[in-house]
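Positions 3 to 430 (my numbering) are the ones given, in order, by the sequence shown.
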Amino acid sequence: MVVNKRVLIIPLILILTLSLIPRSCAAEIRIVILVSDNEADSTLADSVANIIGAYAVIKIPWGIYDPTYSAEVLKYAPDKVIIIGGPTAVPIDYEKDFEEMDISFERWYGENRYKTNLAVVQKLKNEFPEEFSQIEAVYIVHGRDVLSMLMQKWHETLPDTARYKSIWVFTGDGYENLSLQILEEILKASQGRPWVEIIVTSRWIPLTHKKVPKPLFDIDTDAVINFLQELGYEVNVGNYTRGSHFSIKYTGPASPLVLETLKLVDNKTQTAEKFLDGLDIPKAKKRLDMAKEQIAKAWKLYSLGNYQEAYLLAVAANRNADFVISMSAREWDKIAQMSMNYALNKEVLRLEARVNALKSLGIDVGDIEELLAEIKSAIKSKNYPKALKLIREAKEELRKMFIGEKRHVPHMPSEHKERGKKPENLRP
């Protein structure tokens with residue numbers, strides 16, 4: 003690996019995605035969920051927040067560490083942070099931030115989206131048994147079918163639409179049996195009989211007298227139907243039958259949702275390119291070129307009205323962009339371990355983010371700002387021992403301030419309306 007430019011990579015932050023969740027009466031502690039913008043993990047996080055009454059879901063760009071997001075958590079003064087997703091999706095650096103500010107946290111994850119799904123359901127069942135037993139709906143989708151997830155979430159925003167405490171089950175890619183295990187855990191713990199719905203993005207194939215759906219992602223619906231029947235569910239595939247608790251919904255690649263998918267993937271591809279800048283990783287460069295070519299073709303197909311092919315290309319580009327970000331993150335971590343200047347500047351960004359968060363809560367951080375100026379001066383003059391000493395002092399002071407003022411922090415940060423504001427480029 004060859005470094006072309008000696009730069010500190012704390013990448014350009016995308017627009018901060020912050021989802022505020024109404025508090026449940028059952029929630030006696032202040033919980034914030036931190037998750038990546040991976041479509042499966044973030045969809046799961048939203049449903050978990052609704053079930054347990056979390057105060058907020060804060061979504062970070064997949065695989066990227068940026069202390070601004072940790073600082074956003076501080077504004078809620080949480081009793082606990084739940085991280086959903088593994089360390090590749092939500093880097094370990096976030097855990098360090100919470101440890102240094104004395105914030106309790108735990109990580110719910112598995113080695114992929116399907117096993118993370120199982121881990122989250124089991125954690126919910128064990129740690130929030132009452133809330134878990136009140137789940138009212140279960141949505142089953144292919145783990146990579148972004149459109150089905152977006153479609154259901156869009157549907158729930160429509161006026162006069164019933165809103166349920168729902169959970170998602172991801173299936174496909176050889177994980178069919180695991181998804182049935184997850185479904186069984188949910189249904190057997192339920193106080194009632196949750197509505198179960200399979201959502202499938204499909205294209206419609208014309209036959210002699212009618213059109214039939216052909217899924218873009220295969221789901222073994224027969225296995226799910228047989229499993230539900232064994233549990234006593236009345237299953238009527240097709241038209242809704244009074245008293246039934248199951249349906250299969252076929253949804254087409256609608257233009258607005260395909261457009262949203264393309265925008266998300268385009269942003270991720272641009273982030274991957276910025277993250278790779280300054281590194282010489284041939285495999286990552288090849289995958290980045292593939293992602294750029296795929297998303298460019300996807301946009302062209304979208305403009306021609308071929309939403310189905312545009313969507314499939316976007317899904318492929320998304321996987322390539324994830325690969326680039328993951329490989330780049332590992333390389334930058336290696337550089338951080340070898341460069342004291344890099345590591346110290348990263349600590350400065352951490353401190354600045356915390357200072358800004360506490361300042362926004364009305365806490366006087368004037369003394370810490372003076373310390374920050376001294377730290378920057380010490381780094382510039384390469385007086386690294388002094389910089390390290392001052393960084394430790396600043397962190398300890400910020401921790402004490404936060405703990406001392408935590409009980410006075412309102413339930414919602416006063417500036418939460420600014421959550422869509424695009425932050426400054428933190429890359430020096």
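Even for Gly, the Cβ is constructed at its ideal location relative to N, Cα and C.
Notebook entry, point to check: Measuring CB to CB, does residue 168 end up less than 8 Å from residue 138?
Noted result: Locating residue 168 in the sequence shown gives position 166, counting from the first residue. Locating residue 138 in the sequence shown gives position 136, counting from the first residue. Closer than 8 Å, so yes.
**Message:** Taking the alpha carbon of residue 116 as the reference point, which residue from 144, 278, 97 has its own alpha carbon closest?
**Reply:** Position 114 of the sequence shown holds residue 116. For residue 116, the nearest C-alpha among the options comes from 144.
Would you list the one or two residues that DSSP bridges to residue 172?
-> Locating residue 172 in the sequence shown gives position 170, counting from the first residue. Answer is 143.
Could you pull the start and end residues of the alpha helix (DSSP H) that residue 78 belongs to? If you number the sequence shown from 1, residue 78 lands on position 76. Looking at the DSSP string, residue 78 is not in any alpha helix (DSSP H), and its letter there is neither H nor E.
message = Suppose you measure from the CA of residue 410 to the CA of residue 352; what does that come to, to the nearest Å?
response = The residue labelled residue 410 in the question sits at position 408 within the sequence shown. The residue labelled residue 352 in the question sits at position 350 within the sequence shown. Using only the alpha carbons, I get a separation of about 23 Å.
task = Tell me, please, whether the stretch 289–298 touches the stretch 332–340 by the rule of three or more beta-carbon pairs shorter than 8 Å.
result = no
Relative to the alpha-carbon of residue 260, which residue among 311, 363, 166 has its alpha-carbon at the smallest distance?
-> The residue given as residue 260 occupies position 258 in the sequence shown. Among 311, 363, 166, the Cα nearest to that of residue 260 belongs to 311.
Open item on the list: Going by beta-carbon coordinates alone, are residue 64 and residue 268 separated by less than 8 Å?
Closed with: In the sequence shown, the residue the question calls residue 64 occupies position 62. In the sequence shown, the residue the question calls residue 268 occupies position 266. No.
message: Please state the DSSP three-state secondary structure of residue 199.
response: Position 197 of the sequence shown holds residue 199. Strand at residue 199.
- How many Å lie between residue 374 and residue 313 at the Cα? For the purposes of this step, residue 374 is taken as the residue at position 372 of the sequence shown. For the purposes of this step, residue 313 is taken as the residue at position 311 of the sequence shown. Near 47 Å, if we compare the C-alpha coordinates of residue 313 and residue 374.
Inset, instruction - Name the two residues that bound the continuous beta strand (DSSP E) containing residue 59. - result: For the purposes of this step, residue 59 is identified with residue 57 of the sequence shown, where counting begins at 1. Element bounds for residue 59: 58–62.
Check: Is residue 37 near residue 86, with beta carbons less than 8 Å apart?
Finding: Counting from one through the sequence shown, the residue named residue 37 turns up at place 35. Counting from one through the sequence shown, the residue named residue 86 turns up at place 84. In contact: residue 37 and residue 86 (Cβ atoms closer than 8 Å).
Confirm, please, whether the CB-CB distance from residue 249 to residue 199 is below 8 Å. As a position in the sequence shown, residue 199 is number 197, starting the count at 1. As a position in the sequence shown, residue 249 is number 247, starting the count at 1. Yes; because the gap between Cβ atoms is below 8 Å, this pair is in contact.
Would you call residue 255 buried or exposed, if buried means 16 or more other Cβ atoms sit within 10 Å of its Cβ?
-> What you label residue 255 is simply residue 253 of the sequence shown in a count that begins at 1. That one is buried.
| task | Would you mind working out which of 151, 179, 106, 120 sits nearest residue 44, comparing C-alpha positions? | result | For this step, residue 44 is matched to residue 42 along the sequence shown. When each option's Cα is compared against that of residue 44, the closest is 151.
| query | If residue 356 and residue 104 are in contact, beta carbons under 8 Å, what's the gap, nearest whole angstrom? | reply | Numbered from its first residue, the sequence shown carries residue 356 at position 354. Numbered from its first residue, the sequence shown carries residue 104 at position 102. Actually they are not in contact, since the Cβ atoms of residue 356 and residue 104 sit about 12 Å apart, beyond 8 Å.
| query | Just the Cα atoms here: how many angstroms apart are residue 120 and residue 108? | reply | Position 118 of the sequence shown, counted from the start, is the residue given in the question as residue 120. Position 106 of the sequence shown, counted from the start, is the residue given in the question as residue 108. Looking at the two C-alpha atoms, the distance is approximately 16 Å.
Practice problem: Just mark residue 258 as buried or exposed, buried being the case when its beta carbon has 16 or more other beta carbons within 10 Å. | Solution: Working through the sequence shown from its first residue, we reach residue 258 at position 256. Exposed, by the Cβ-count rule.
- Item | Residue range of the alpha helix (DSSP H) that includes residue 371 | Within the sequence shown, residue 371 is the residue found at index 369, counting from 1. Here the alpha helix (DSSP H) through residue 371 covers 368–382.
First and last residue of the uninterrupted beta strand (DSSP E) at residue 109: In the sequence shown, counting from the first residue as 1, residue 109 sits at position 107. Segment 106–110, the beta strand (DSSP E) holding residue 109.
Q. Residue 247 to residue 136, Cα distance in whole Å?
A. Here residue 247 is taken as the residue at index 245 of the sequence shown, counted from 1. Here residue 136 is taken as the residue at index 134 of the sequence shown, counted from 1. Rounded to whole angstroms, residue 247 to residue 136 spans 15 Å at the Cα level.
- Are there three or more Cβ pairs, one per stretch, closer than 8 Å when the stretch 317–334 is compared with the stretch 359–368? no
- Message: Assuming the contact rule is C-beta atoms closer than 8 Å, residue 67 and residue 93 should be a hit. Round their C-beta distance to whole Å, please.
- Response: Mapped onto the sequence shown, residue 67 falls at position 65. Mapped onto the sequence shown, residue 93 falls at position 91. Confirmed, Cβ separation roughly 4 Å.
Review point. Hey, residue 232 and residue 281 are a contact pair by Cβ (cut 8 Å); roughly how many whole angstroms apart?
Key: Position 230 of the sequence shown holds residue 232. Position 279 of the sequence shown holds residue 281. With a Cβ gap of about 52 Å, residue 232 and residue 281 do not count as contacting.
Notebook entry, point to check: Hey, would you say residue 49 sits closer than 8 Å to residue 156, going by beta carbons?
Noted result: Stepping through the sequence shown from its first residue, residue 49 is reached at position 47. Stepping through the sequence shown from its first residue, residue 156 is reached at position 154. No, the pair does not count as a contact, with Cβ atoms beyond the cut-off.
In three-state terms, what does DSSP make of residue 159?
Indexing the sequence shown from 1 puts residue 159 at position 157. Residue 159: coil per DSSP, three-state reduction.
| task | Taking residue 277 as part of the alpha helix (DSSP H), name the residues at either end of that continuous run. | result | Against the sequence shown, residue 277 aligns to sequence position 275. First-last of the alpha helix (DSSP H) with residue 277: 257–278.
**Q.** Assigned secondary structure, residue 216 (DSSP; H/G/I helix, E/B strand, else coil)
**A.** Reading the sequence shown from its first residue, position 214 is the one you call residue 216. Strand.
For residue 223, which beta-bridge partners are listed by DSSP?
-> Within the sequence shown, numbered from 1, the residue matching residue 223 stands at position 221. DSSP lists no partner for residue 223.
Q | Sequence-distant residues of its chain with Cβ nearer than 6 Å to residue 11 (five each side left out) | A | Residue mapping note: residue 11 aligns to position 9 of the sequence shown, counting from 1. Low per-residue confidence applies at residue 11: pLDDT is 38, beneath 50, and the placement is therefore not dependable, though the value from the model is reported in the following sentence. For residue 11, where only same-chain residues beyond five positions count, the Cβ hits under 6 Å are 334.
Backbone CA spacing between residue 285 and residue 30 [nearest angstrom]:
As a first step, residue 285 must be located in the sequence shown, where it is residue number 283. As a first step, residue 30 must be located in the sequence shown, where it is residue number 28. Using only the alpha carbons, I get a separation of about 48 Å.
Taking the alpha carbon of residue 230 as the point to measure from, which residue in 184, 252, 98 has its own alpha carbon closest? Mapped onto the sequence shown, residue 230 falls at position 228. Residue 184 is the option with its Cα nearest to residue 230.
As assigned by DSSP and simplified to three states, the class of residue 415: In the sequence shown, counting from the first residue as 1, residue 415 sits at position 413. With a pLDDT of only 48 at residue 415, under 50, the local geometry of the prediction cannot be trusted, and the value read off the model is given with reservation. The answer is coil: DSSP assigns residue 415 none of H, G, I, E or B.
Looking at chain B, is there any beta carbon in it that lies within less than 8 Å of the beta carbon of residue 364? Among the chains of the structure shown, chain B does not appear; only one protein chain is present.
Worksheet item: CA-CA distance, residue 81 and residue 358?
Response: For the purposes of this step, residue 81 is taken as the residue at position 79 of the sequence shown. For the purposes of this step, residue 358 is taken as the residue at position 356 of the sequence shown. Their Cα atoms are separated by approximately 20 Å.
Is residue 404 near residue 76, with beta carbons less than 8 Å apart?
Your numbering for residue 404 matches position 402 in the sequence shown. Your numbering for residue 76 matches position 74 in the sequence shown. Yes; because the gap between Cβ atoms is below 8 Å, this pair is in contact.
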